[in-house]
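**Student:** For the sequence shown, position 26 matches number 26 in UniProt numbering, and the numbering has no gaps at all.
Just so you know, even glycine gets a beta-carbon here, dropped at the ideal spot from N, CA and C.
These figures come from a predicted structure and were not determined experimentally.
Sharing a structure here in structure tokens format.
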Amino acid sequence: MWYGKGPGVDRAGDALKHGNAYGSSPHGGVLVVAGDDHGCVSSSMPHQSDFAMMAWHMPIVNPSNVADMLQFGLYGWALSRFSGTWVGFKAI
Numbered sequence: 001m002w003y004g005k006g007p008g009v010d011r012a013g014d015a016l017k018h019g020n021a022y023g024s025s026p027h028g029g030v031l032v033v034a035g036d037d038h039g040c041v042s043s044s045m046p047h048q049s050d051f052a053m054m055a056w057h058m059p060i061v062n063p064s065n066v067a068d069m070l071q072f073g074l075y076g077w078a079l080s081r082f083s084g085t086w087v088g089f090k091a092i
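Structure (structure tokens):
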């Protein structure tokens with residue numbers, strides 16, 4: 001699992017892109033949790049990581065509530081293990 005807020009997603013973009021290109025293990029999996037702040041409430045700049053993850057060909061899960069976060073997190077791990085790709089997870 002990797003976590004970063006908006007600017008961290010930008011800074012780590014090259015590593016995330018290359019990691020996704022090389023894939024994940026069927027016994028591991030990678031969940032890339034991006035703490036987005038669309039309204040610039042707790043960050044220095046507003047940020048939306050969807051477009052970066054789409055450019056890296058990374059599937060994205062977007063939970064709408066706390067219960068979805070747990071369910072989609074488990075789904076994201078399973079998807080990563082099955083498909084061999086890294087999975088993006090939006091946390092707002």
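Could you give the first and the last residue of the continuous beta strand (DSSP E) run that contains residue 91?
**Tutor:** First-last of the beta strand (DSSP E) with residue 91: 87-91.
**Student:** Where does residue 15 land, buried or exposed, given buried means 16+ other C-beta within 10 angstroms?
**Tutor:** Its Cβ having fewer than 16 others within 10 Å, residue 15 is exposed.
**Student:** Could you pull the DSSP bridge partners for residue 47 from this structure?
**Tutor:** Bridge partners of residue 47: 37.
**Student:** Report the option in 64, 60, 69 and 90 whose CA atom is closest to the CA atom of residue 80.
**Tutor:** Comparing Cα-Cα distances from residue 80 to each of 64, 60, 69 and 90, the minimum goes to 60.
**Student:** Can you tell me which of the three DSSP states residue 56 falls into?
**Tutor:** Here residue 56 sits in coil by DSSP.
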